[in-house]
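Each number in the numbering used here corresponds to the 1-based position in the sequence shown with 58 added.
Glycine included, each C-beta is placed from N, C-alpha and C at the ideal position.
Have a look at the structure below before the remarks.
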Amino acid sequence: MNRLRRLLPFVQDQARIRAGANPHRAVPVGDPPPDFPLVPHAVAKIRLLSAEEQIRVLAKKHDISVARTALDDWADDVTRLAGDDVRFDEVQELVVALRRARVVDGVELTRLHSRYLDER
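Right, here's the structure in full:
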């Protein structure tokens with residue numbers, strides 16, 4: 059039980075890092091137990107996927123491909139006639155296909171699409 063009490067701050071810190079907290083921010087958690095070496099350089103080397111890579115991985119995992127419908131063409135025509143110039147690239151078309159297939163919920167897909175637009 060005493061060992062678990064010593065481990066708790068270290069485990070909480072690791073959970074914060076996994077949840078997205080900055081691993082380089084000083085958080086007073088105490089020293090890690092001797093049998094659990096702290097390797098912050100390993101955390102810094104984790105490569106996160108870009109939004110485009112995440113979208114492509116999701117599409118491949120669920121066997122989703124871009125398939126335009128007549129409604130897509132109609133929407134493009136209406137948009138063009140309204141004077142707007144909106145053209146989706148392949149990744150944005152995959153976002154639409156993922157939503158149609160209900161692979162990812164709307165909120166998460168909106169976040170992912172927004173991140174993709176920011177990273178472009």
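Residue i to residue j span [Cα, whole Å]
{"i": "Ala-159", "j": "Arg-74", "result": "33 Å"}
{"i": "Ala-109", "j": "Val-165", "result": "15 Å"}
{"i": "Leu-139", "j": "Arg-126", "result": "19 Å"}
{"i": "Asp-143", "j": "Asp-135", "result": "10 Å"}
{"i": "Val-162", "j": "Asp-131", "result": "24 Å"}
{"i": "Ala-117", "j": "Glu-111", "result": "10 Å"}
{"i": "Gln-72", "j": "Lys-119", "result": "29 Å"}
{"i": "Ile-104", "j": "Arg-145", "result": "Residue placement at Ile-104 cannot be trusted, given a pLDDT of 48 that sits under 50; what the coordinates show is reported in the next sentence. Cα to Cα, the separation comes out at about 34 Å."}
{"i": "Ser-172", "j": "Leu-129", "result": "24 Å"}
{"i": "Asp-147", "j": "Thr-137", "result": "16 Å"}
Candidates the options: closest to residue i by CA position
{"i": "Glu-177", "options": "Thr-137, Asp-71 and Gln-150", "result": "Gln-150"}
{"i": "Gly-141", "options": "Glu-148, Ala-133 and Asp-147", "result": "Ala-133"}
Residue j beta carbon less than 8 Å from that of residue i
{"i": "Leu-107", "j": "Val-124", "result": "no"}
{"i": "Ile-122", "j": "Leu-170", "result": "no"}
{"i": "Leu-175", "j": "Leu-167", "result": "no"}
Segment limits, alpha helix (DSSP H) that includes residue i
{"i": "Leu-107", "result": "Element bounds for Leu-107: n/a, residue is neither H nor E."}
{"i": "Asp-134", "result": "128 to 139"}
{"i": "Asp-121", "result": "Taken as a continuous stretch (DSSP letters only), Asp-121 belongs to no alpha helix (DSSP H), as it is neither H nor E."}
{"i": "Asp-176", "result": "164 to 177"}
{"i": "Ala-155", "result": "148 to 158"}
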